[in-house]
Amino acid sequence: MARIEWLEDLLANPNKILALVREETLSLKERFNDKRRTEISHEAAAELREEDLTPNDPVLITITQNSYVKRTAAQQFRAQGRGGRGVMGMATRDEDEIA
4 MARIEWLEDL
14 LANPNKILAL
24 VREETLSLKE
34 RFNDKRRTEI
44 SHEAAAELRE
54 EDLTPNDPVL
64 ITITQNSYVK
74 RTAAQQFRAQ
84 GRGGRGVMGM
94 ATRDEDEIA
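Numbering (the numbering used here), first residue to last: 4 to 102.
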């Protein structure tokens, strides 16, 4: 019961909330106040190109008569056997069709 009263008092008083956040933040600062373990290398970052950050996954590009373009991961499509129904790659409007 005392815990509930303390929590209700805390919610009713914004200054107490700020004091609690400050106290917990200082506690974390004391607990984790050590030297940085990782070394930041600016040379390695300079060697990165934009294409290094782009995934190199196989994709299928679908283009419609009305110039809509859709990129789909090749993994979403699979080979089908006799009588297969296939996979719906893209929904088109009534007056549009896949080119």
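Note that the Cβ used here is the ideal one computed from N, Cα and C, for glycine as well. As the structure is a computational prediction, the values presented were derived from the model and not from experiment.
Rounded to whole angstroms, the separation of the alpha carbons of F35 and N59 is 39 Å. Straight-line measurement puts the Cα of L13 at about 51 Å from the Cα of E54. In the DSSP secondary-structure assignment, L63 is bridged to T75.
Looking at the backbone, the Cα of N18 and that of W9 are separated by about 14 Å. Rounded to the nearest whole angstrom, the C-alpha separation of S30 and D37 is 13 Å. For I7, the enclosing alpha helix (DSSP H) has its first and last residue at A5 to A15.
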